[in-house]
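Here's the structure we're looking at; comments come further down.
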Amino acid sequence: MTGTVDRRAIYDAVDERVDEMVTFLCDFLAIETENPPGRGYREGAAFLAEAMDDRGYDVERVTVPEAVVADHYPERSDHDRVNVVGRQTAERPGPDVHFTGHFDVVPAGEDWDHDPYDPVVEDGRVYGRGASDMKSGIVASLFAVDALEAAGVAPRGSITQSMTVDEETGGFTGLGYLVDEGYVDEANTDYCVYTECFDASRVCLGHRGVLKFHVTAHGETAHGCMSHDGTNAITAMQALLTRVDEYEDALHDRTTELPVTPPESRRADISATMIDAGYSENVVPDRCRATFYRVLVPDETVEGARAEIDALLADAEAATGVTFEYDEIMVAEPTSASRDCTVAQTYAREAGAFYDDPEFVVSPGSDDQRFVINDAGIEECIVYGPGRLEQAHVEDEHVPIDALVTATKVMAASTADLLTEGGLVAHRPD
Amino acid sequence: MSRQHARTDDELTALIGELVSLETENPPGNEKRAAEFIHGWLTDRDIDATLVDEPYADRPQVAARVGEGAPTVVLNGHIDVVPAGDLDEWSHPPYAADIDDGRLYGRGSADMKTGVAVGMMALAELGAEIDDGDRSGSVVFHAAIGEETGEPGTKTLLERGYDGDYGVVLEPTEMRTATSEKGLAWYEITVEGDPSHASRPGQGDNAITNARPVLDALEAYDEEIADREDDLVGQAHATITKIEAGTKENVVPEDAVITIDRRFLPSESADAIDEEIDALLADVEADHGIETSWERTRTYESAAIDTDSDLADVFRRHSAEHADVSTDPWGVKGSTDVRNFVNDADIEAITWGPGKLGQAHTYDEHVDLAAAAVGLRTLNASVRELLE
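Laid out in structure tokens, this is it:
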């Protein structure tokens, strides 16, 4: 790449491909890849592998061994987990850019006015499950690289695209597996862009973490008419809930300066989301199970949260004499990149060509970005994609075509910036 | 323990084992297999027995009668059992009817298939004496359905003419004679919330958090009513027996449902308790800004007969003689179908039987087989005296 390539040529190359992108997105959305349980991954992977084959990438399909799947999703290990990695390596050495996105979608559910798997274009929007979250992100990064080539940009270094599975259930057998297996590491990746839905106008730096767990109180059963002979597990659980309430207040004071959106989410949190006890109306229950959802801000660690919860359980045990059993469902460490890192600044600058003051944000939920930063140790990793956050997981999910086009332009221009000696010429506002 | 206490009765033991091994959980109401077995057992002994397909055609119950003269003593037992619960908690499988160290283990062994077996054996033995002309009077036997869920099993049998002058509900009382029984009411309380994703709990209103002050108030209520005491049936109780909230791990729950098991004294009434629950919830609502609603889902009224009734006197004397049971007046803390005899059919009735009430509804429920044998002898002796 050279500094003589201007943005106009890149933007034009994207604009010339809008119809092709929309058609490709519709074909992609028609492949049902619902997770759970993790259906249609082989077909989805084949579609993406073929698309990258056609574009001259070196393509590898990475099938996760069943034993690894069974470790994370014991009830769903009979579904194939197939990830796809494609790489284009230039002759001239230079930085390595990695785009990654997930192609699993949450179940469509009911109450759609559109058919979730028969995508349509209406009023400048593409409708279908995964339109925003996040098949449009994968389409954007594929076509961004196409546009660079069409605009006559001769790349340096390498561009890798990975398309992964199971993000909606934790990502352990998707991007997590690719990181474990060395497909993404410091030696082969300088800049990573996770193309999850955060709006084309926003650069997402990180996400909060999650720790989901069950606690079971073990009391002793008795007939309701001799209730004082038993140890009521509900009463014991109440002692824990009281402590969790106090803990929740303390967590609300544990705020973060990071731009978590919405602003009310700039703090740690815990909620009891489920509780269940009792066999019969007249039997004192000996078991009460509660489910908790603990949200971690980026300064926290899962290990630290576990230690705090351990202390709560020990305190409740001491107070009640009842055993509380802890059972972890899912963890996702919080993560965040610096807003001053090169990839964040580059994307913010290029998004600035389309939006006044593009926002830096941090996700209130969690996604696969943590694998790249926390596990692969790559600090230059952001989330940027065309999908709209509020369209994720809703009925009649859609993505605006203009957002798809803009995000593709921002990705193409940013990639040119990152892979060009001296970068693109400075942007001149019209 | 005297030598007599340690003796078991092989035929009775076998019959208890047969009944326990027939799973008759209620809910859902699997009594049919036991009803058919009992009907066959009685018919084989030339006892006039009927499979009564009321109140439910698919859940028959059994009524039998021997003799035609007066007076008539009704022996009543229910054949349904509460569900076994977590099978891992049982060291003897709930329907294996294992015998170990003189005890028979299984769901229903105490509550109350031993009582049913004792009633069947007594009916056969006394029936033979009546048929032989050695004894006057009649004995009616009930193997009723639906007791554990308050369904009209016994009530229907009494209404269909299987009634009498005296009633003995053979629930496990360790052969103490209960002339009073506690009432029972179940309440279902719903605490409202507003769902949201658990990563943004502030956008919702957590029903589990809202349920906490309700649970606190119910625990305080239980302590408060424990001061209400009856000489025979003891304390009133309000026990939280169930709670359920939430459908997804990552969603703040929309509502929480709490179940209360309220045991009440003959001096209390379900209507009065309704008012207490209503007032309790109104206070919590006002103090904590939450919304609740409640419903009484089942009621067993309390019942009492005169402590000095003839029937009670006979059973107290024989129980003292055969099993060294104290003759002090006594009441039962559980709810039994005796209320159908006393309140609905106006029959002088007691709750009396071998086995320990404390075993009812527990894991590894069991019955002492020697105590069961003593129970049968005591029942036979008591009924003989009533029929004299």
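So the sequences go chain by chain: R and G.
According to the working numbering, the first sequence is numbered sequentially starting from 5.
According to the working numbering, the second sequence is numbered sequentially starting from 118.
Backbone N, C-alpha and C fix where the C-beta goes; we use that ideal spot for every residue, glycine too.
Since we're looking at a predicted model, the values are computed, not measured.
Residue i to residue j span [Cα, whole Å]
i: residue 373(G); j: residue 362(G); result: 4 angstroms
i: residue 494(G); j: residue 238(G); result: 10 angstroms
i: residue 438(G); j: residue 429(G); result: 14 angstroms
i: residue 19(R); j: residue 419(R); result: 17 angstroms
i: residue 40(R); j: residue 134(R); result: 14 angstroms
i: residue 51(R); j: residue 29(R); result: 11 angstroms
i: residue 125(R); j: residue 395(R); result: 16 angstroms
i: residue 48(R); j: residue 33(R); result: 9 angstroms
i: residue 435(R); j: residue 123(R); result: There is simply no residue 435(R) to check, as chain R begins at 5 and stops at 434 in what is shown.
i: residue 413(R); j: residue 26(R); result: 15 angstroms
i: residue 299(G); j: residue 364(G); result: 36 angstroms
i: residue 17(R); j: residue 59(R); result: 15 angstroms
i: residue 226(G); j: residue 216(R); result: 42 angstroms
i: residue 419(G); j: residue 452(G); result: 8 angstroms
i: residue 211(G); j: residue 412(G); result: 33 angstroms
i: residue 351(G); j: residue 449(G); result: 9 angstroms
i: residue 477(G); j: residue 230(G); result: 11 angstroms
Bridge partners - residue i, DSSP secondary structure assignment
i: residue 230(G); result: Paired residue(s): none; residue 230(G) is not in a bridge.
i: residue 165(G); result: 182(G)
i: residue 278(R); result: 295(R)
i: residue 92(R); result: 163(R)
i: residue 222(G); result: 483(G)
i: residue 334(R); result: 216(R)
i: residue 145(R); result: Answer is none; residue 145(R) lacks a bridge partner.
i: residue 311(G); result: 322(G)
i: residue 83(R); result: Per DSSP, none; premise fails for residue 83(R).
i: residue 380(G); result: 301(G), 354(G)
i: residue 306(G); result: 375(G), 411(G)
i: residue 283(G); result: 190(G), 465(G)
is_contact[residue i, chain G] using C-beta, thresh 7 angstroms
i: residue 277(R); result: yes
i: residue 39(R); result: no
i: residue 87(R); result: no
i: residue 282(R); result: yes
i: residue 265(R); result: no
i: residue 299(R); result: yes
i: residue 273(R); result: yes
i: residue 295(R); result: yes
i: residue 225(R); result: yes
i: residue 216(R); result: yes
Proximal residues of chain G, C-beta to C-beta of residue i below 8 angstroms
i: residue 349(R); result: Result: empty, since nearest Cβ-Cβ is about 28 angstroms, beyond 8 angstroms.
Contact list for residue i against chain G, beta-carbon separation under 9 angstroms
i: residue 269(R); result: 316, 317, 319
i: residue 387(R); result: Within 9 angstroms Cβ-Cβ: nothing; residue 387(R) doesn't reach chain G, min ~16 angstroms.
i: residue 333(R); result: 366
i: residue 192(R); result: What residue 192(R) touches in chain G: nothing, since even the nearest Cβ is about 32 angstroms away.
Partner residues on chain R for residue i, Cβ-Cβ distance less than 8 angstroms
i: residue 336(G); result: 239, 242
Any C-beta of chain R under 7 angstroms from that of residue i
i: residue 193(G); result: no
i: residue 141(G); result: no
i: residue 209(G); result: no
i: residue 411(G); result: no
i: residue 378(G); result: yes
i: residue 389(G); result: no
i: residue 362(G); result: yes
i: residue 479(G); result: yes
i: residue 359(G); result: yes
i: residue 325(G); result: yes
i: residue 137(G); result: no
i: residue 350(G); result: no
Cβ neighbour criterion (16 or more within 10 Å) applied to residue i
i: residue 204(G); result: exposed
i: residue 354(R); result: buried
i: residue 489(G); result: buried
Beta-carbon neighbours of residue i, restricted to chain R and to distances below 7 angstroms
i: residue 370(G); result: 277, 278
i: residue 273(G); result: What residue 273(G) touches in chain R: nothing, since even the nearest Cβ is about 22 angstroms away.
i: residue 303(G); result: 285
i: residue 332(G); result: 242
i: residue 202(G); result: 283
Within chain G, the residues that residue i reaches when beta carbons sit closer than 7 angstroms
i: residue 369(R); result: 316
i: residue 378(R); result: The contacting residues do not exist; residue 378(R) stays about 19 angstroms from chain G at best.
i: residue 288(R); result: 356, 358
Amino acids of chain R, ordered along the chain, whose beta-carbon sits closer than 9 angstroms to that of residue i
i: residue 329(G); result: 242, 245, 246, 249
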